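Student: Here it is, the structure, as structure tokens.
Protein chains: 4
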Amino acid sequence: MTDASLEPPLEPISISRRLVAELLGTALLLAIVIGSGIMGERLAGGNDAIALLGNTLSTGAGLVVLITVFGPLSGAHFNPAVTLVFAARRELSWSSATAYIAVQVIGAIAGAWVAHLMFGEQVLQLSQKLRDGPAQALSEAVATFGLVATILGSIRFKPEATPMMVGLYITSAYWFTASTSFANPAVTVARSLSNTFAGIAPSSAPAFIAAQLVGAALAALLFGWLLNETKRP
Amino acid sequence: MTDASLEPPLEPISISRRLVAELLGTALLLAIVIGSGIMGERLAGGNDAIALLGNTLSTGAGLVVLITVFGPLSGAHFNPAVTLVFAARRELSWSSATAYIAVQVIGAIAGAWVAHLMFGEQVLQLSQKLRDGPAQALSEAVATFGLVATILGSIRFKPEATPMMVGLYITSAYWFTASTSFANPAVTVARSLSNTFAGIAPSSAPAFIAAQLVGAALAALLFGWLLNETKRP
Amino acid sequence: MTDASLEPPLEPISISRRLVAELLGTALLLAIVIGSGIMGERLAGGNDAIALLGNTLSTGAGLVVLITVFGPLSGAHFNPAVTLVFAARRELSWSSATAYIAVQVIGAIAGAWVAHLMFGEQVLQLSQKLRDGPAQALSEAVATFGLVATILGSIRFKPEATPMMVGLYITSAYWFTASTSFANPAVTVARSLSNTFAGIAPSSAPAFIAAQLVGAALAALLFGWLLNETKRP
Amino acid sequence: MTDASLEPPLEPISISRRLVAELLGTALLLAIVIGSGIMGERLAGGNDAIALLGNTLSTGAGLVVLITVFGPLSGAHFNPAVTLVFAARRELSWSSATAYIAVQVIGAIAGAWVAHLMFGEQVLQLSQKLRDGPAQALSEAVATFGLVATILGSIRFKPEATPMMVGLYITSAYWFTASTSFANPAVTVARSLSNTFAGIAPSSAPAFIAAQLVGAALAALLFGWLLNETKRP
Chain X
1 MTDASLEPPL EPISISRRLV AELLGTALLL AIVIGSGIMG ERLAGGNDAI ALLGNTLSTG
61 AGLVVLITVF GPLSGAHFNP AVTLVFAARR ELSWSSATAY IAVQVIGAIA GAWVAHLMFG
121 EQVLQLSQKL RDGPAQALSE AVATFGLVAT ILGSIRFKPE ATPMMVGLYI TSAYWFTAST
181 SFANPAVTVA RSLSNTFAGI APSSAPAFIA AQLVGAALAA LLFGWLLNET KRP
Chain G
1 MTDASLEPPL EPISISRRLV AELLGTALLL AIVIGSGIMG ERLAGGNDAI ALLGNTLSTG
61 AGLVVLITVF GPLSGAHFNP AVTLVFAARR ELSWSSATAY IAVQVIGAIA GAWVAHLMFG
121 EQVLQLSQKL RDGPAQALSE AVATFGLVAT ILGSIRFKPE ATPMMVGLYI TSAYWFTAST
181 SFANPAVTVA RSLSNTFAGI APSSAPAFIA AQLVGAALAA LLFGWLLNET KRP
Chain W
1 MTDASLEPPL EPISISRRLV AELLGTALLL AIVIGSGIMG ERLAGGNDAI ALLGNTLSTG
61 AGLVVLITVF GPLSGAHFNP AVTLVFAARR ELSWSSATAY IAVQVIGAIA GAWVAHLMFG
121 EQVLQLSQKL RDGPAQALSE AVATFGLVAT ILGSIRFKPE ATPMMVGLYI TSAYWFTAST
181 SFANPAVTVA RSLSNTFAGI APSSAPAFIA AQLVGAALAA LLFGWLLNET KRP
Chain C
1 MTDASLEPPL EPISISRRLV AELLGTALLL AIVIGSGIMG ERLAGGNDAI ALLGNTLSTG
61 AGLVVLITVF GPLSGAHFNP AVTLVFAARR ELSWSSATAY IAVQVIGAIA GAWVAHLMFG
121 EQVLQLSQKL RDGPAQALSE AVATFGLVAT ILGSIRFKPE ATPMMVGLYI TSAYWFTAST
181 SFANPAVTVA RSLSNTFAGI APSSAPAFIA AQLVGAALAA LLFGWLLNET KRP
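Protein chains in written order, with the UniProt record's numbering: chain X, 1 to 233; chain G, 1 to 233; chain W, 1 to 233; chain C, 1 to 233.
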């Protein structure tokens with residue numbers, strides 16, 4: 001129970017503590033993603049690459065910390081797509097999964113609002129940044145495929161490094177996908193409520209979420225096969 | 001006594017060595033924070049995001065080193081808010097805590113002056129950079145909440161990684177809070193004595209410090225509850 | 001079999017799984033290298049150093065993850081020059097090496113095309129970016145010498161850190177070599193098929209590949225000698 | 001003998017291998033420092049902060065790799081100031097120290113020339129970049145004080161992390177010292193032979209080296225006292 005792995009089961013920890021951990025962690029994640037996006041955009045003088053560098057550094061570093069601190073409590077999913085993968089693998093009950101997803105979405109929205117408050121922005125916003133088309137959808141499918149592959153592979157081969165691997169993966173994926181790698185339905189919902197650097201128009205969100213679920217499912221299937229034979233007796 | 005955890009007790013080390021470690025570590029921390037801010041501002045050609053990238057990289061990397069080297073000696077608090085949390089948790093005596101805070105403030109001011117000397121600046125300065133208002137205060141409360149959560153969670157679940165976690169947390173928090181995350185009363189005092197990139201007007205400092213203490217107290221309370229049930233027998 | 005070392009033998013894993021791992025890993029590597037290059041170039045407003053910072057961050061972080069996840073499956077070479085070194089050291093059969101190299105090249109090209117699709121670029125391209133002359137060739141020889149030295153030294157002294165060392169090495173080498181350190185024949189072939197930031201004109205590719213093989217061979221020879229005497233009994 | 005610590009004794013490794021390791025490692029270090037400086041300056045469009053970001057990333061990451069690979073062979077000093085500290089602590093014979101320093105200087109110069117060749121620059125150069133005055137000297141004393149403190153503290157408390165700590169320290173020090181932290185007499189000599197971003201006028205070099213030796217001696221004295229009492233029985 002002392003390693004920071006994402007792997008359930010975490011039975012000795014009460015469900016109330018697990019849900020608070022999942023809610024708080026997702027809220028902090030969104031405060032990081034949206035807050036650092038605002039900071040980047042405000043300071044970068046119009047150069048989006050410089051803004052994205054700050055956004056990337058903050059998100060990647062923050063994720064390592066959040067997963068290290070909350071992983072032993074709730075698994076530190078912070079992500080409905082990840083929770084669904086663990087439920088499908090029967091490593092989390094469907095009732096727990098449902099509760100996880102609910103608090104992830106609530107936490108994500110709360111985190112977005114905390115970011116707005118910290119930067120003196122209006123709390124309630126709707127993004128107007130369209131992110132449409134097949135290239136964006138493919139980006140999200142690839143991004144989430146890679147995230148689930150990273151999680152399953154790390155847990156299988158080097159579980160104590162899972163927080164670092166997820167942080168490094170997202171650091172990389174912010175740059176190699178055209179969508180800057182949301183890779184997370186709860187994050188997508190919350191970012192639709194922020195008309196800032198990290199925002200996404202609500203009308204663009206459903207296709208993002210669908211692509212994320214497809215990518216997650218493909219990774220779960222392929223890595224189920226790839227990792228199977230290497231099981232130790 | 002060989003891991004770099006922040007966790008007391010550290011009894012085998014004499015109080016004089018512990019105070020020298022705490023003073024020297026805090027001085028180096030401020031030399032890093034203020035020095036890299038000056039460097040960033042001088043070189044960045046007016047683009048504050050680029051200056052903040054250098055400031056962030058230097059502070060985050062430096063913190064990991066300082067906590068690794070001084071952690072086994074003094075706990076490497078470098079921060080009155082952190083020292084108060086440990087005292088409140090009865091992991092440090094109140095008399096030691098008082099001495100810690102005194103040398104932290106002295107060290108912080110000395111470090112700011114060393115930074116000024118290294119960059120050929122006048123030693124004695126007062127910052128004129130106002131950082132006022134509720135958004136700034138909320139930022140400092142969130143920043144310090146996160147810092148204390150990071151420290152308590154890391155010590156609980158992965159103590160050998162505490163230096164890296166604190167460094168990564170501050171790397172993230174420089175960007176996701178509107179105040180660039182001072183999160184430290186001694187740092188706040190010293191930065192009020194530097195009219196450079198990292199400075200804060202003395203009139204803005206008290207609200208920062210109050211917000212930091214509120215954030216630290218909230219984290220100590222919430223994580224006291226969250227981490228309690230996971231205790232191993 | 002649970003560490004992420006590159007070191008063969010990996011016999012318990014079927015050759016089909018190993019080849020899928022090598023193909024998928026190399027594809028993702030190229031999606032990262034070329035995708036983050038496109039992202040950097042599009043956002044950086046003409047400042048190639050900023051574009052290269054994003055490209056570097058993404059590639060270095062991504063490599064650590066890919067080698068951690070795929071290393072225990074296939075060795076995570078992703079690189080014909082590395083595969084040839086292991087074959088020459090008799091740590092991989094020549095028949096396996098041939099199959100490895102084939103899937104590396106196929107995967108690399110596929111990854112380049114995925115990057116193009118994610119960014120809405122035409123899939124089939126040929127680079128027009130000439131990278132000719134002795135300075136470029138020397139750069140590639142040095143880059144690949146350093147990469148093979150990093151791999152052999154890490155496996156010898158700190159195998160569990162090999163993924164991190166390779167990621168850090170490439171992070172460094174993108175900047176200290178004039179060629180931005182391709183250091184990989186499969187990567188060179190795939191980048192010749194992308195007329196974007198990371199591209200290389202097909203006419204410049206053969207000299208790059210030759211220089212890479214020379215650098216790899218020199219490192220294998222020198223480190224064979226350097227590392228030999230330190231063997232434990 | 002398998003950890004990457006800098007700590008001697010390394011007796012099972014022949015002196016010839018140790019000197020080759022020290023020479024090659026120092027040469028690669030200078031190729032990194034000077035090469036990434038040239039790359040940064042060429043691409044950054046006149047913004048020195050952006051150039052320094054690339055220079056920093058490359059140097060910090062490269063140092064971690066070099067110390068991991070060469071540490072178990074030679075101790076990976078790459079630095080006469082560090083070698084002198086170990087000799088003064090009687091952890092290295094004075095005759096070995098003399099040989100170490102000789103190959104460090106030779107390797108450093110060779111590495112500078114390799115960087116020039118990789119970037120198509122004239123091999124033989126003299127820097128014209130004056131770095132004079134007390135602020136620069138203080139910067140070098142602080143930089144080297146911090147480097148030696150980092151090394152002695154890491155070896156004492158977390159030896160397996162020494163390569164990472166030195167890399168992170170230099171990452172930080174490039175920004176928090178006004179001199180960009182040469183902190184190394186061999187590096188200073190070699191950089192005087194490069195009229196590029198990382199250069200230093202030969203007339204400025206002696207004061208740098210003197211300040212480095214003062215900083216190293218102060219750190220050795222202070223940390224000799226600080227670390228003494230924590231010895232395990």
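Even glycine gets a Cβ: it sits at the ideal position worked out from N, Cα and C. Since the model is a prediction, treat every value here as computed from it, not as a measurement.
What in chain C is Cβ-close to residue 68 (chain G), meaning under 8 Å?
Tutor: Taking the second sequence and counting its residues from 1, one reaches residue 68 (chain G) at position 68. Simply 153, 154, 157, 158, 161, 165.
Student: Less than 7 Å between C-beta atoms, sequence neighbours within five positions excluded: which residues of the same chain meet that for residue 17 (chain C)?
Tutor: Within the fourth sequence, the letter at position 17 stands for residue 17 (chain C). The answer, listed in chain order, is 73.
Student: What whole-angstrom Cβ distance do residue 125 (chain X) and residue 193 (chain X) have, given they're in contact under 8 Å?
Tutor: One-based indexing of the first sequence puts residue 125 (chain X) at position 125. One-based indexing of the first sequence puts residue 193 (chain X) at position 193. That belief holds up - the Cβ atoms of residue 125 (chain X) and residue 193 (chain X) are roughly 6 Å apart, short of 8 Å.
Student: Less than 8 Å separating the beta-carbons of residue 119 (chain W) and residue 178 (chain X)?
Tutor: By 1-based counting over the third sequence, the position of residue 119 (chain W) is 119. By 1-based counting over the first sequence, the position of residue 178 (chain X) is 178. In this structure, residue 178 (chain X) lies closer than 8 Å to residue 119 (chain W) by Cβ.
Student: Residues of chain W with a CB under 7 Å from the CB of residue 33 (chain X): which are they?
Tutor: Counted from its first residue, the first sequence places residue 33 (chain X) at position 33. The contacting residues do not exist; residue 33 (chain X) stays about 17 Å from chain W at best.
Student: Of all the alpha helix (DSSP H) runs that stay within the bounds of the stretch 189–224 of chain C, which reach a length of 4 or more residues?
Tutor: Counting only runs of 4 or more, we get nothing.
Student: Helix, strand or coil for residue 45 (chain X), going by three-state DSSP, please let me know.
Tutor: For the purposes of this step, residue 45 (chain X) is taken as residue 45 along the first sequence, with counting starting at 1. In this structure, residue 45 (chain X) counts as coil in the three-state DSSP scheme.
Student: Taking only beta-carbon positions, decide if residue 199 (chain W) is within less than 8 Å of chain X.
Tutor: Looking up residue 199 (chain W) in the third sequence gives position 199. For residue 199 (chain W), the answer is no, since every Cβ of chain X falls outside 8 Å of its Cβ.
Student: Taking the alpha helix (DSSP H) that residue 134 (chain X) falls in, what are its first and last residues?
Tutor: By 1-based counting over the first sequence, the position of residue 134 (chain X) is 134. That run of the alpha helix (DSSP H) goes 134–157.
Student: When you compare only the Cα positions, how much space is there between residue 234 (chain W) and residue 46 (chain C)?
Tutor: Given a span of 1 to 233 for chain W in the structure shown, any question on residue 234 (chain W) remains unanswerable.
Student: Checking 8 Å against the spacing of the C-beta atoms, do residue 131 (chain C) and residue 204 (chain C) come in under that value?
Tutor: By 1-based counting over the fourth sequence, the position of residue 131 (chain C) is 131. By 1-based counting over the fourth sequence, the position of residue 204 (chain C) is 204. Result yes, Cβ atoms of residue 131 (chain C) and residue 204 (chain C) sit closer than 8 Å.
Student: Could you list which residues in chain G have their beta carbon closer than 9 Å to that of residue 48 (chain C), in chain order?
Tutor: Reading the fourth sequence from its first residue, position 48 is the one you call residue 48 (chain C). Result: 42, 43, 44, 45.
Student: Are the beta-carbon atoms of residue 100 (chain G) and residue 160 (chain G) separated by less than 8 Å?
Tutor: Within the second sequence, residue 100 (chain G) is the residue found at index 100, counting from 1. Within the second sequence, residue 160 (chain G) is the residue found at index 160, counting from 1. No, the pair does not count as a contact, with Cβ atoms beyond the cut-off.
Student: Exposed or buried, which one is residue 221 (chain G) when buried takes at least 16 other CB atoms within 10 Å?
Tutor: On the second sequence, position 221 is the one that residue 221 (chain G) refers to. Classification for residue 221 (chain G): exposed.
Student: Return helix, strand or coil for residue 89 (chain X), following the three-state DSSP convention.
Tutor: The count along the first sequence starts at 1 and reaches residue 89 (chain X) at position 89. Coil, per DSSP.
Student: Does the stretch 58–72 of chain W come into contact with the stretch 69–85 of chain G, if we say contact requires no fewer than three beta-carbon pairs (one atom in each stretch) closer than 8 Å?
Tutor: Flag = no, the stretch 58–72 of chain W and the stretch 69–85 of chain G do not touch.
Student: Which residue marks the beginning of the alpha helix (DSSP H) containing residue 123 (chain G), and which one marks its end?
Tutor: As a working mapping, residue 123 (chain G) is identified with position 123 in the second sequence. That residue, residue 123 (chain G), is in no alpha helix (DSSP H); it is neither H nor E in DSSP.
Student: So, does the stretch 163–172 of chain W touch the stretch 105–113 of chain C, judging by three or more C-beta pairs under 8 Å?
Tutor: At 8 Å Cβ cutoff, the stretches do not touch.
Student: Mind checking if residue 117 (chain C) is an interface residue toward chain G, Cβ cutoff 8 Å exclusive?
Tutor: Start at 1 with the first residue of the fourth sequence, and residue 117 (chain C) comes out as number 117. Closer than 8 Å: no.
Student: Using a Cβ-Cβ cut-off of 8 Å, state whether residue 213 (chain C) counts as contacting chain G.
Tutor: For the purposes of this step, residue 213 (chain C) is taken as residue 213 along the fourth sequence, with counting starting at 1. For residue 213 (chain C), the answer is no, since every Cβ of chain G falls outside 8 Å of its Cβ.
Student: Chain X beta carbons: is any one of them nearer than 8 Å to that of residue 89 (chain W)?
Tutor: Translated into the one-based positions of the third sequence, residue 89 (chain W) becomes position 89. Not one chain X Cβ lies under 8 Å of residue 89 (chain W).
Student: Going by alpha carbons, who is nearest to residue 59 (chain W) out of W:172, W:146, W:134?
Tutor: Working through the third sequence from its first residue, we reach residue 59 (chain W) at position 59. Closest by alpha carbon: W:172.
Student: State yes or no: is the beta carbon of residue 139 (chain W) nearer than 8 Å to at least one beta carbon in chain X?
Tutor: Numbered from 1 along the third sequence, position 139 holds the residue referred to as residue 139 (chain W). Answer no: the Cβ-Cβ gap between residue 139 (chain W) and chain X never drops below 8 Å.
Student: Measure the CB-CB distance between residue 236 (chain C) and residue 33 (chain C) and report whether it falls below 8 Å.
Tutor: Coverage of chain C is limited to positions 1 through 233, which leaves residue 236 (chain C) absent and any answer about it impossible.
Student: Please report how far the alpha carbon of residue 97 (chain X) lies from the alpha carbon of residue 190 (chain X), in whole angstroms.
Tutor: Within the first sequence, residue 97 (chain X) is the residue found at index 97, counting from 1. Within the first sequence, residue 190 (chain X) is the residue found at index 190, counting from 1. Computed Cα separation, rounded: 19 Å.
Student: Is the closest heavy atom of the ligand ATP to the C-beta of residue 138 (chain G) under 7 Å?
Tutor: Looking at this structure, you won't find the ligand ATP or any other ligand, since it has none at all.
Student: By the criterion of Cβ-Cβ separation under 8 Å, what are the contact partners of residue 94 (chain C) in chain G?
Tutor: Against the fourth sequence, residue 94 (chain C) aligns to sequence position 94. Those do not exist, as residue 94 (chain C) stays about 27 Å from chain G at its closest Cβ, beyond 8 Å.
Student: What's the gap between the Cα of residue 103 (chain X) and the Cα of residue 92 (chain G)?
Tutor: In the first sequence, the residue the question calls residue 103 (chain X) occupies position 103. In the second sequence, the residue the question calls residue 92 (chain G) occupies position 92. The alpha-carbon atoms of residue 103 (chain X) and residue 92 (chain G) are separated by roughly 36 Å.
Student: Quick check: the Cα distance between residue 14 (chain C) and residue 83 (chain C), rounded to an integer number of angstroms?
Tutor: Within the fourth sequence, the letter at position 14 stands for residue 14 (chain C). Within the fourth sequence, the letter at position 83 stands for residue 83 (chain C). Approximately 18 Å, taken between the alpha carbons.
Student: Grab me the residues of residue 213 (chain G)'s own chain with a C-beta within less than 8 Å of its C-beta, minus the 5 sequence neighbours each way, in chain order.
Tutor: For the purposes of this step, residue 213 (chain G) is taken as residue 213 along the second sequence, with counting starting at 1. Counting only Cβ-Cβ distances below 8 Å, and skipping sequence neighbours, we find 81, 84, 144, 185.
Student: Starting from the Cα of residue 197 (chain C), find the closest Cα among C:20, C:134, C:36 and give me that residue.
Tutor: Here residue 197 (chain C) refers to the residue found at position 197 of the fourth sequence. Minimum Cα distance to residue 197 (chain C) is reached at C:36.
Student: Do we get a CB-CB distance below 8 Å when we pair residue 217 (chain G) with the residues of chain C?
Tutor: Translated into the one-based positions of the second sequence, residue 217 (chain G) becomes position 217. It does not: the Cβ of residue 217 (chain G) has no partner Cβ on chain C nearer than 8 Å.
Student: Quick check on residue 176 (chain C) - is its C-beta less than 8 Å from some C-beta in chain G?
Tutor: For the purposes of this step, residue 176 (chain C) is taken as the residue at position 176 of the fourth sequence. It does: the Cβ of residue 176 (chain C) has a partner Cβ on chain G nearer than 8 Å.
Student: Report all residues from its chain with a CB closer than 6 Å to the CB of residue 137 (chain C); omit the five preceding and five following residues, and keep chain order.
Tutor: Within the fourth sequence, residue 137 (chain C) is the residue found at index 137, counting from 1. 207, 211.
Student: Output the boundary residues of the alpha helix (DSSP H) element that contains residue 173 (chain X).
Tutor: Taking the first residue of the first sequence as 1, we reach residue 173 (chain X) at position 173. Start and end: 162–176.
Student: Within its chain, find whatever has a CB closer than 6 Å to the CB of residue 12 (chain X); leave out the 5 residues flanking it on each side and keep chain order.
Tutor: What you label residue 12 (chain X) is simply residue 12 of the first sequence in a count that begins at 1. Nothing listed; no residue qualifies.
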